[in-house]
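Read the structure below first, then the notes.
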């Protein structure tokens, strides 16, 4: 029987990896826009999985995932996280 934490959207490293392994995975997956990005729904599953691991060592990983979600929603709304237009508009020449 499969582990109840398994999901098609939850990579094994999120479900069972060490904090260092999860660090490396999130860095590789979330910081390179040229690589396939997880869906918003998948990210919510990752957050739930990490939260369910009940280990203080994963709080920073959960925060990273929340920030990534925030940034994705801001991009969809046409804003950068600091509230400016996204992508930045070129300066008007005088």
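Residue numbers (my numbering): 45 to 138. All C-beta atoms in this analysis are idealised placements derived from N, C-alpha and C, irrespective of residue type, glycine included. Predicted, not measured: the structure shown is a model, and the values here were computed from it.
Host alpha helix (DSSP H) of residue i (start-end)
i: residue 98; result: Neither: residue 98 is in no alpha helix (DSSP H) and is coded neither H nor E.
i: residue 63; result: 63-74
Candidates the options: closest to residue i by CA position
i: residue 85; options: 56, 98 and 109; result: 109
i: residue 58; options: 121, 123, 96 and 116; result: 96
i: residue 56; options: 117, 94 and 100; result: 94
i: residue 88; options: 75, 72 and 105; result: 105
i: residue 70; options: 120, 113 and 100; result: 113
i: residue 116; options: 100, 63, 81 and 101; result: 81
i: residue 120; options: 72, 73 and 83; result: 83
i: residue 63; options: 118, 100 and 79; result: 100
Straight-line Cα distance separating residue j from residue i
i: residue 91; j: residue 54; result: 10 Å
i: residue 122; j: residue 67; result: 29 Å
i: residue 98; j: residue 75; result: 25 Å
i: residue 61; j: residue 77; result: 23 Å
i: residue 118; j: residue 65; result: 28 Å
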